[in-house]
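So the structure is just underneath, and the comments pick up after that.
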Amino acid sequence: MTTATEAADAAVGVASGLLIDGAWITTEATFDVLDPATGELIARVADAEVAHGLAALDSIDAAAPGWARVPLRERAEILRRAFEAVTAQREEYARLISAEMGKPLAEARAEVDYGAEFLRWYAEEAVRPDSEYRRSPDGGSRLLVSRRPVGPCLLITPWNFPLAMATRKVAAALAAGCTAIIKPAPQTPLTTIKFAQTLLEVGLPKGVLNVVNTLDAPGVCGALLADGRIRKVSFTGSTAVGRVLISQCGPNVIRPSMELGGNAPFIVDVDADLARAVDGAMVAKMRNMGEACTAANRFLVHRSVAEEFSSMLAQRMAALTVGHGLREGTEVGPVIDETAREKLGGLVADAVARGAEIRTGGRPIDGPGTFFEPTVLTAVPADARMFGDEIFGPVAGVTVFDDLEEAVRLANATEYGLVAYLYSGDVERALRTAERLDFGMVGLNRALVSNAAAPFGGIKQSGLGREGGREGINDYLDLQYIAIDA
Ligand code: NAP
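Residue numbers are given in this note's numbering: position 465 of the sequence shown equals residue 467, and the series is strictly consecutive.
Next comes the structure, spelled out in structure tokens:
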């Protein structure tokens, strides 16, 4: 049995303060970081007030001109060393992520690999040519088009991928020459703090990155956005909070990048390879216990294969090992907190009241920690709440369609547009269908779209901008064009 001490052990050596101008600052107020598998205390961390946030802003504002002038290769080398350091500490990072977030170690290791990859990718992107020399069509002038860092940034991250969400933003910002304050989610601040420690160890100059943990995100972030010196905010989290932040960007015309919620359809067409589709469904649904913006939220399956698909999926879900994330062999950890668990119970009850059938699971698991049974429901009607809300947990709802026209209509019937999955035996039909899906990303016979080299992001109310790929760095760069009379 994994003990609370083992979870707390994972945090040994991790600072507990705020990182302001290169120093770890303690505060009178603190908040607790808990192990979601046991509810036990892992660590107490500093809780910033508005004044701490403004001190961090002074720091990144003062560091901004110097960091923007650091040669590209030097910035790239720092990111490359950070990649090496995070990779060398893969196990320590994985244990820490698992302890504070709850995910199984195997998934935490995968997050470390994925998160580290953004450091390597942006170490490489940092040195790509950033300017262009053009000739005016009328022959009268030359146009020099170059890119420059947008300036001080505010980066706000959620709890579900505490390392990867931080590296995805920080690496792109630093590569572009921006300084930044990062505000981690209060459930999982320790991974971000450790990452900041790693960056300092590999030579990031003081002031370039500040870390502000707080229980008062609206107060602290609101003050930072109202100040006028923040030039860009990059947020990953819920659409509800994203809307608030976008409106707070208005008065100072701050550039927003928003990675918001999703409601991913997972379409299984009549000729799909069912074994492959079920393997994919397990990944798209159960990665991170379903607590991912990319999680399959609605299984839309062709009527003629729906029963076979559903019973295969239910069998696989029922066979999963649920337990403490730090225990080797665990496949499903707890959900993040009691509110999340209660929400799952409510979504299942609502679907059942509307006629859905529970094929496996359906209930919270008794005992310490916030565990919920891996669950499969069939005959979920389109108006069930679980098809409208993000489920964010190990619950899969299946409904049927009769032809692809109907599947596309059902898939697009959401205000979200992050990712869709499509399993099909006909590549040409699948490609044509993918183009009609109103989503920023589509997985074709593939259930994992996250990739540091790809532009990750959504359309509609799933967000603005892209992270990763060649595109991700552009969110942190402004264009400047110089007209030359030549
Ligand atoms: P959340 O409640 O929106 O919180 C995200 C972050 O924003 C937390 O650090 C939170 O701190 C902070 N926050 C809340 N209100 C704020 C405010 N008024 N001003 C500034 N910061 C504020 O989301 P969550 O529940 O942690 O994360 C789950 C959501 O993230 C899901 O909707 C999921 O789809 C989305 N997500 C999207 C992506 C993507 O790339 N598209 C990736 C991962 C997750 P507090 O907790 O202290 O409020």
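Just so it is clear, CB atoms sit at the ideal spot from N, CA and C, and this is done for glycine as well.
Assuming T159 is part of the alpha helix (DSSP H), what are its boundary residues? If you number the sequence shown from 1, residue 159 lands on position 157. From DSSP, T159 is part of no alpha helix (DSSP H); its letter is neither H nor E.
Just to check my reading of the structure: E126 and F163 have Cβ atoms closer than 8 Å, yes? What is that Cβ distance to the nearest angstrom? Along the sequence shown, read from residue 1 onward, the residue named residue 126 stands at position 124. Along the sequence shown, read from residue 1 onward, the residue named residue 163 stands at position 161. Actually they do not touch by this definition, with Cβ atoms about 22 Å apart.
Kindly confirm or deny that the segment 410–417 and the segment 77–87 touch, where touching means at least three C-beta pairs closer than 8 Å. Here the segment 410–417 makes no contact with the segment 77–87; the two share fewer than three CB pairs at distances below 8 Å.
Is the distance from the Cβ of A45 to the Cβ of A13 below 8 Å? In the sequence shown, the residue the question calls residue 45 occupies position 43. In the sequence shown, the residue the question calls residue 13 occupies position 11. Contact flag set, yes.
Would Y423 be called buried (16 or more neighbouring beta carbons within 10 Å of its own) or exposed? Translated into the one-based positions of the sequence shown, residue 423 becomes position 421. Label assigned to Y423: buried.
For the ligand NAP, is there a heavy atom less than 7 Å away from the beta-carbon of V451? Taking the first residue of the sequence shown as position 1, residue 451 is located at position 449. Outside the cutoff, so no.
So, for L276: in the same chain, excluding its five sequence neighbours on each side, which residues have a beta-carbon less than 7 Å away from its beta-carbon? The count along the sequence shown starts at 1 and reaches residue 276 at position 274. Result list for L276: V307, E310, F311 and M314, in chain order.
Where does Y135 land, buried or exposed, given buried means 16+ other C-beta within 10 angstroms? The residue you call residue 135 lines up with position 133 of the sequence shown. Exposed, because fewer than 16 other Cβ atoms sit within 10 Å of the Cβ of Y135.
From what residue to what residue does the beta strand (DSSP E) around M288 run? Locating residue 288 in the sequence shown gives position 286, counting from the first residue. Counting along the chain, M288 falls outside any beta strand (DSSP E), though it belongs to the alpha helix (DSSP H) covering L276 to M288.
For A521, the three-state DSSP class (helix, strand or coil): No answer is possible for residue 521: the residues shown for the chain start at 3 and end at 488.
How about A297 and A286: do their beta carbons lie closer than 8 Å? Numbered from its first residue, the sequence shown carries residue 297 at position 295. Numbered from its first residue, the sequence shown carries residue 286 at position 284. The answer is yes: Cβ separation under 8 Å.
Tell me, please, whether the segment 400–407 touches the segment 447–456 by the rule of three or more beta-carbon pairs shorter than 8 Å. no
N476 by DSSP, collapsed to three states: which one? The residue labelled residue 476 in the question sits at position 474 within the sequence shown. The answer is helix: DSSP assigns N476 an H, G or I state.
According to DSSP, simplified to helix, strand and coil, what is L446? Here residue 446 corresponds to residue number 444 of the sequence shown, with the count starting at 1. Three-state result, L446: strand.
First and last residue of the uninterrupted beta strand (DSSP E) at N299: For the purposes of this step, residue 299 is taken as residue 297 along the sequence shown, with counting starting at 1. N299 -> beta strand (DSSP E) spans A298 to H304.
Measuring alpha carbon to alpha carbon, tell me which of G371, Q317, L226 and A57 ends up nearest P253. For this step, residue 253 is matched to residue 251 along the sequence shown. With distances taken between Cα atoms, P253 lies closest to L226.
Whose C-beta lies closer than 7 Å to the C-beta of A96 among residues of the same chain, with five residues either side of it excluded? Residue numbering aside, residue 96 sits at position 94 when the sequence shown is read from its first letter. Cβ within range, chain order: L107, A110, R111 and V114.
Which residues in the same chain as L56 place their Cβ atom closer than 8 Å to its Cβ, once the five residues preceding and following it in sequence are excluded? Here residue 56 is taken as the residue at index 54 of the sequence shown, counted from 1. Hits under 8 Å: A225, L226 and D229.
On the DSSP bridge list, what partners appear for M491? Residue 491 falls outside the range modelled here, since the chain spans only 3 to 488, and no answer is possible.
Is the closest heavy atom of the ligand FMN to the C-beta of M167 under 7 Å? As for the ligand FMN, it is missing from this structure, which binds only the ligand NAP.
Heavy atom of the ligand NAP less than 7 Å from the Cβ of I158, yes or no? Numbered from 1 along the sequence shown, position 156 holds the residue referred to as residue 158. Under cutoff, so the answer is yes.
How should L146 be labelled, buried or exposed, when 16 other C-beta atoms within 10 angstroms of its C-beta is the threshold for buried? For the purposes of this step, residue 146 is identified with residue 144 of the sequence shown, where counting begins at 1. With fewer than 16 other Cβ atoms within 10 Å, it is exposed.
Using the C-alpha atoms, what's the distance from A242 back to T190? Here residue 190 corresponds to residue number 188 of the sequence shown, with the count starting at 1. Here residue 242 corresponds to residue number 240 of the sequence shown, with the count starting at 1. Cα to Cα, the separation comes out at about 20 Å.
The ligand NAP heavy atoms versus the CB of S464: any closer than 7 Å? Locating residue 464 in the sequence shown gives position 462, counting from the first residue. S464: yes, Cβ under 7 Å from the ligand NAP.
Applying the criterion that 16 or more other CB atoms from any shown protein chain within 10 Å of the CB defines a buried residue, is N463 buried or exposed? As a working note, residue 463 is residue 461 in the sequence shown. The residue asked about is misnamed: residue 463 is Gln in this sequence, not Asn. Counting Cβ neighbours within 10 Å, Q463 comes out buried, since at least 16 surround it.
Inter-stretch contact (C-beta, 8 Å, three-pair minimum) for the segment 364–381 and the segment 328–348: yes
Which class does S249 belong to by DSSP, given the choice of helix, strand or coil? Mapped onto the sequence shown, residue 249 falls at position 247. Three-state DSSP puts S249 in a helix.
Applying the 10 Å Cβ sphere with the 16-neighbour rule, what's the burial state of G179? Here residue 179 corresponds to residue number 177 of the sequence shown, with the count starting at 1. By the neighbour-count rule (16 or more Cβ atoms within 10 Å), G179 is buried.
Mind checking whether T89 and A118 have CB atoms under 8 Å apart? As a first step, residue 89 is located in the sequence shown; it is residue number 87 there, counting from the start. As a first step, residue 118 is located in the sequence shown; it is residue number 116 there, counting from the start. When the beta-carbon positions are compared, T89 and A118 come within less than 8 Å of each other.
Pick out the complete beta strand (DSSP E) segments inside the segment 341–394, 3 residues or longer, and give them in chain order. Taken in chain order, the unbroken stretches of beta strand (DSSP E) that lie wholly in the segment 341–394 and span 3 residues or more are 359–362 and 377–380.
Residue interval of the alpha helix (DSSP H) (run including R434): Counting from one through the sequence shown, the residue named residue 434 turns up at place 432. Taken as a continuous stretch (DSSP letters only), the alpha helix (DSSP H) holding R434 covers V429 to E437.
Per-residue DSSP class, three states only, for D23: Here residue 23 refers to the residue found at position 21 of the sequence shown. DSSP places D23 in coil when its eight states are reduced to three.
Residue nearest to A39 in terms of C-alpha spacing, selected from D352, R329, G292 and P139: Locating residue 39 in the sequence shown gives position 37, where the first residue counts as 1. Answer by Cα proximity: R329.
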